[in-house]
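Numbering (my numbering), first residue to last: 1 to 970. We treat Cβ as the ideally placed atom computed from N, Cα and C, and that holds for glycine. In this text, all values refer to a predicted model and were calculated from it rather than measured experimentally. Below is one structure, written out as structure tokens; the observations come after it.
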RNA sequence: GCGCGGUUAGCUCAGUGGUAGAGCACUUCCCUGACACGGAAGGGGUCACAGGUUCGAACCCUGUAUCGCGCACCA
């Protein structure tokens, strides 16, 4: 078969991905007797596009999954997408505006939602197909979406259960309001950003003491119309005596002074060091002020509209203006009134809406909150101890330790330091605002009397009867609450009556609507559905086979940016909903290990973003370099727990590597494939033994690195082994045999090559799934294997194990061959160096003279000759070099390159001089150490011996250098 | 303010007490019968700084500087 000279990934990748799908290679069988390994994908936004973060994240998951299959596990990698409330709704709104110049209100809720679903149908498959292009081995038959009917039922059920427990409640609170998306946000969705602005100082008159003016500092003068008090610290001697008196608020200008009187109150919250020590209190527009207001029963005057513009209460001159325009206008008014004392440039932190990138507005509104469940368990289950050293030392031999025999029952974070961040968050946890004023999402499953009902005693009465009846019937999954508060109209405490309904009550909800009830219009925070992901995707609340087999999942791979949004909440949900005995789980925790990836940045260290345009399109990279190249390059530059500076050079490197692998196999194919079944130990050369020992070391190293989630270490070890050790040295050395005429040894060498390559392909497969599959079949390695061990696909070939003692004994793989062959290659390097010194072209064949220390086997001399591209390497134990002959000293002996009359004596002198200097420096350092009595006495004997030996070796090298130099002089 | 992480070759980073490493970039040579997406050889580092512990420190301790991140923030 003709093999192309360069690897062409495109057709190969498509072919094998189709093959894997057709053969159901990714499907997880819950009935399997094999030990389970499972991952749930962090669901990407349903309408999202693949970016480099996804590449990093999903490549890691694919590596873990493929490695687990090769370890003989039953693997479930469960894929899916997230409905991503705000993001998706904003996308559709934007498109609607652009294409039809309409808003969602023009369409109405129902019609708008139809459009979003249509949008989802159109764009929803894209990212899934992109993941397939990357080679992801997800079980696509189990793809889930957070708004699938079954999934929605889970969300509803969970809501009802938490509502029943009293953990979910509705309340009027200060929330983070995004004026652009016009919805409340959770604290986690607010990002603090330093902002340049001004600190404004203005004065107010104390009405009881017209000669007394107080100066107040503020960054938000536009909120003055909403001020309902001025606060000072009761212990502040400057102001304490004024408490109880009043000031005249300067804005709105047109109001008569008596309507602008606000009290001076004393509150400990006021820091008298800061500003002027006098604080304006705006309960409607500041969280801290709201709390002060609560303590002092201050009125709450909301002067803003939901979109961030000022309302009529802000006064004529401000009403209708955007809050930032209003700020400037307010300052103008203060100036006109002559009360603006000063304005100073000022930098402070302002909370921004993460999604819309505008300052959030603290706003008092009615929202749903969740008091987090299972907080203590969630805190305790994560291991705070750093066990990385333990892992390193114990896991090397035990390739399977990760999932089968956890070191403790705890969950492990990698890198471990995130455990502290997690713990800190849980310690200071606040109730979660879960309602969003959006349309796209899971609607809150609570019904209340409609406004119409509330204002009509007759309808209200009907509703009341219905609700009472419902309460008495005591349906499971239906909760009726009559809170104490609320205005009385007729018999019903109207406004606050709530009916919370679980899944499967469609008839009932119809009747409810007929009886004057209406469903709460809010939807739930997207994370209120994603926090159920590990079990809601596996058939919960039924006790499915999938849950029994694959929950808790083994590994979770995600970015640290969603540790609070997602990881922490999934853990709490796990303990809250999976602890029931019916699931028969040893632990309710959703995963045993969490691997936090770094954040992908560009090569200047900037975060990748659409606006910067510094985010390459992974699909474009795949088209140009191949998916394997992209995966390899990404993994190679992604050290554990560090951010990844992405550079296209890395992908290029990956492509080059695939090409190298391709050509190494091509080389083997060109050696007329007469492979023999077994390697014959009698015919092994020292180079053969060397490469087998190197392979053995590489297997251990790579396996250990993978067990510790050190993907970049594993990739680098693979790279080094394959390129430097196998290709650069072994393949070149083996040509001494392959180009010779001993057919038995030739066949044996090919057998060694096959052994090494078949192991190498398996070691590479998790990283480079496509090219390894292609070569696995192309090289014929699949042919002799049982179907479930590599016969059908390399996916199920066994992960290589380090060579055992029997094997090493049988093939005579003694470590001494490592030293011996290393010395041989060192001799070659030195010899090539001589060539450069003598300025002899690499292609010119020359004769070397070798003066060995010990007997050197002829076969090794053959290899040396070949690697030196020498005409001959003549062994001469009593060789006397002519003056200026370039020479090198190695462990195996001295090597000379006689050059008839071509010697550049000066150049050789310089070279030897350098060598002498280096050696003398090393000798001096070592001698100094050995001369130190403290050193000799206290150092471990082994280290002492090492130093002594080093001195002897160095001296042995130096002497001939000195001689050579002397010869040059004379 | 509190916490975390980084500072090692021009660049990106390995390196957990015993002779400073890799890849890329650079210099020189080579299209030698797998591969120019390749091969060979080479140059290049006071391991941020200052103290301390130790026979010995890139590594352990203390402090400083600096960059980044997270949390909390006072008008």
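Subject >> Beta carbon of residue 245 nearer than 8 Å to that of residue 224 >> reply: As a first step, residue 245 must be located in the first chain, where it is residue number 245. As a first step, residue 224 must be located in the first chain, where it is residue number 224. Taking 8 Å as the Cβ cut-off, residue 245 and residue 224 do not qualify as a contacting pair.
**OP:** Mind the definition here: the stretch 57–77 touches the stretch 792–799 only if three or more C-beta pairs lie below 8 Å; say whether that holds.
**Re:** yes
Subject >> Neighbour-count burial assignment, residue 82, 16 or more Cβ in a 10 Å radius >> reply: The residue given as residue 82 occupies position 82 in the first chain. Residue 82 should be labelled buried.
**OP:** Using 7 Å as the cut-off, classify the Cβ of residue 958 as near or not near the heavy atoms of the ligand SAM, replying yes or no.
**Re:** Ligands in the displayed structure: none, and consequently the ligand SAM is not present.
Original post:
Which two residues bound the contiguous beta strand (DSSP E) that contains residue 665?
Top reply: By 1-based counting over the first chain, the position of residue 665 is 665. No beta strand (DSSP E) contains residue 665, which is instead part of the alpha helix (DSSP H) from 648–670.
**OP:** Measure the C-alpha to C-alpha separation of residue 749 and residue 871 and round it to an integer number of angstroms.
**Re:** As a working mapping, residue 749 is identified with position 749 in the first chain. As a working mapping, residue 871 is identified with position 871 in the first chain. Distance between the alpha carbons of residue 749 and residue 871: 24 Å.
Original post:
Thinking C-beta only, is residue 591 closer than 8 Å to residue 971?
Top reply: With the chain represented from 1 up to 970, any question about residue 971 goes unanswered, as that position is not in the structure.
**OP:** Run through the stretch 109–193 for me and flag every whole alpha helix (DSSP H) of 4 or more residues, listed as ranges in chain order.
**Re:** 109–123, 126–134 and 149–164
**OP:** Compute the Euclidean distance between the alpha carbons of residue 475 and residue 89, then round it to the nearest angstrom.
**Re:** Here the question's residue 475 lines up with position 475 in the first chain. Here the question's residue 89 lines up with position 89 in the first chain. Cα to Cα, residue 475 sits roughly 35 Å from residue 89.
**OP:** Can you grab the Cα-Cα spacing for the pair residue 469 / residue 144, in whole Å?
**Re:** Looking up residue 469 in the first chain gives position 469. Looking up residue 144 in the first chain gives position 144. Rounded to the nearest angstrom, the two C-alpha atoms are 38 Å apart.
Original post:
Could you check where the alpha helix (DSSP H) with residue 20 kicks off and where it finishes?
Top reply: Taking the first residue of the first chain as position 1, residue 20 is located at position 20. Looking at the DSSP string, the run of the alpha helix (DSSP H) that includes residue 20 is 9–22.
Original post:
My guess is that residue 635 and residue 711 are in contact by the Cβ rule of under 8 Å, so how many angstroms apart are they, rounded?
Top reply: Residue 635 sits at position 635 when you count from the first residue of the first chain. Residue 711 sits at position 711 when you count from the first residue of the first chain. Rounded, the Cβ-Cβ distance is 5 Å, consistent with contact.
Subject >> Alpha carbon of residue 606 to alpha carbon of residue 51, nearest angstrom >> reply: Here residue 606 is taken as the residue at index 606 of the first chain, counted from 1. Here residue 51 is taken as the residue at index 51 of the first chain, counted from 1. Spanning the two alpha carbons is a distance of roughly 15 Å.
Original post:
By how many angstroms is the C-alpha of residue 67 removed from the C-alpha of residue 389?
Top reply: Taking the first chain and counting its residues from 1, the one referred to as residue 389 is at position 389. Taking the first chain and counting its residues from 1, the one referred to as residue 67 is at position 67. Reliability of the predicted coordinates at residue 389 is poor, the pLDDT of 44 falling under 50, and no value is obtained from them.
Original post:
Do three or more CB pairs link the stretch 170–177 to the stretch 83–102 at distances below 8 Å?
Top reply: no
Original post:
Between the beta-carbon of residue 342 and the beta-carbon of residue 201, is there less than 8 Å?
Top reply: As a working note, residue 342 is residue 342 in the first chain. As a working note, residue 201 is residue 201 in the first chain. Yes, the Cβ-Cβ distance between residue 342 and residue 201 is below 8 Å.
**OP:** Count the C-beta pairs between the stretch 655–664 and the stretch 756–774 that are closer than 8 Å, then say yes if the count reaches three, no if not.
**Re:** yes
Original post:
Near residue 419, which residues of its chain fall below 7 Å by C-beta distance, leaving aside the five closest residues on each side in sequence?
Top reply: If you number the first chain from 1, residue 419 lands on position 419. Within the same chain, Cβ atoms closer than 7 Å to the Cβ of residue 419 are found at 382, 383, 384 and 413, the five residues on either side in sequence being excluded.
Original post:
Quick one: what does DSSP say residue 432 is sitting in, helix, strand or coil?
Top reply: Mapped onto the first chain, residue 432 falls at position 432. Strand at residue 432.
Subject >> Contact belief for residue 358 with residue 178 at Cβ below 8 Å, rounded distance in angstroms >> reply: For the purposes of this step, residue 358 is taken as residue 358 along the first chain, with counting starting at 1. For the purposes of this step, residue 178 is taken as residue 178 along the first chain, with counting starting at 1. So it is a contact: roughly 7 Å between Cβ atoms.
Original post:
When DSSP builds the beta bridges, which residues end up paired with residue 204?
Top reply: In the first chain, residue 204 corresponds to position 204, counting from 1. Partner(s): 214.
**OP:** For residue 877, name the three-state secondary structure that DSSP assigns.
**Re:** Translated into the one-based positions of the first chain, residue 877 becomes position 877. Note: residue 877 maps to coil in three-state DSSP.
**OP:** Identify whether residue 847 lies in helix, strand or coil by the three-state DSSP scheme.
**Re:** Mapped onto the first chain, residue 847 falls at position 847. Correct three-state label for residue 847: strand.
Subject >> Option in 911, 934, 944 and 703 with minimal Cα separation from residue 968 >> reply: For this step, residue 968 is matched to residue 968 along the first chain. Ranking 911, 934, 944 and 703 by Cα distance to residue 968 puts 911 first.
**OP:** Using beta-carbon positions only, say whether residue 207 and residue 251 come within less than 8 Å of one another.
**Re:** Indexing the first chain from 1 puts residue 207 at position 207. Indexing the first chain from 1 puts residue 251 at position 251. Not in contact: residue 207 and residue 251 (Cβ atoms no closer than 8 Å).
Subject >> Identity of the residue in 448, 827 and 594 nearest residue 554 by Cα >> reply: Walking along the first chain from the start, residue 554 turns up at place 554. Nearest of 448, 827 and 594 to residue 554, Cα basis: 594.
Original post:
Per DSSP, residue 439 is paired with what?
Top reply: Working through the first chain from its first residue, we reach residue 439 at position 439. Note: residue 439 sits in no beta bridge, so no partner.
Original post:
In terms of residue numbering, what span does the beta strand (DSSP E) encompassing residue 500 cover?
Top reply: Counting from 1 along the first chain, the entry for residue 500 is found at position 500. Taken as a continuous stretch (DSSP letters only), the beta strand (DSSP E) holding residue 500 covers 498–501.
Subject >> Reduced DSSP secondary structure (H/G/I, E/B, other) of residue 271 >> reply: In the first chain, the residue the question calls residue 271 occupies position 271. Three-state DSSP puts residue 271 in coil, outside helix and strand.
**OP:** Under 8 Å Cβ to Cβ from residue 859, same chain only, skipping five residues before and after it: list those, please.
**Re:** Here the question's residue 859 lines up with position 859 in the first chain. Take residue 859, set aside five residues on each side of it, and the residues of its chain with a beta-carbon closer than 8 Å to its own are 685, 686 and 736, in chain order.
Subject >> Candidates 883, 504 and 228, of which the one nearest residue 294 by Cα >> reply: Taking the first chain and counting its residues from 1, the one referred to as residue 294 is at position 294. Out of 883, 504 and 228, 228 has the C-alpha closest to the C-alpha of residue 294.
Subject >> Sequence-distant residues of the same chain with beta carbon closer than 6 Å to residue 407, five excluded per side >> reply: As a first step, residue 407 is located in the first chain; it is residue number 407 there, counting from the start. Residue confidence for residue 407 is low, a pLDDT of 48 falling below 50, so the modelled location carries little weight; the figure read from the coordinates is stated next. The beta carbon of residue 407 sits closer than 6 Å to no other beta carbon from its chain once the five residues preceding and following it are set aside.
Subject >> Proximal residues to residue 212 (C-beta, below 8 Å), its chain only, five neighbours per side dropped >> reply: Your numbering for residue 212 matches position 212 in the first chain. Contacts found: 205, 206 and 242.
Original post:
Which class does residue 196 belong to by DSSP, given the choice of helix, strand or coil?
Top reply: As a position in the first chain, residue 196 is number 196, starting the count at 1. Three-state DSSP puts residue 196 in a strand.
Subject >> Three or more C-beta pairs below 8 Å linking the stretch 127–134 and the stretch 104–119 >> reply: Contact between the stretch 127–134 and the stretch 104–119 is absent, because fewer than three Cβ pairs lie under 8 Å.
Subject >> Beta-carbon contacts of residue 324 that lie in its chain and below 7 Å, excluding the five residues immediately before and after >> reply: Counting from one through the first chain, the residue named residue 324 turns up at place 324. For residue 324, where only same-chain residues beyond five positions count, there are no Cβ hits under 7 Å.
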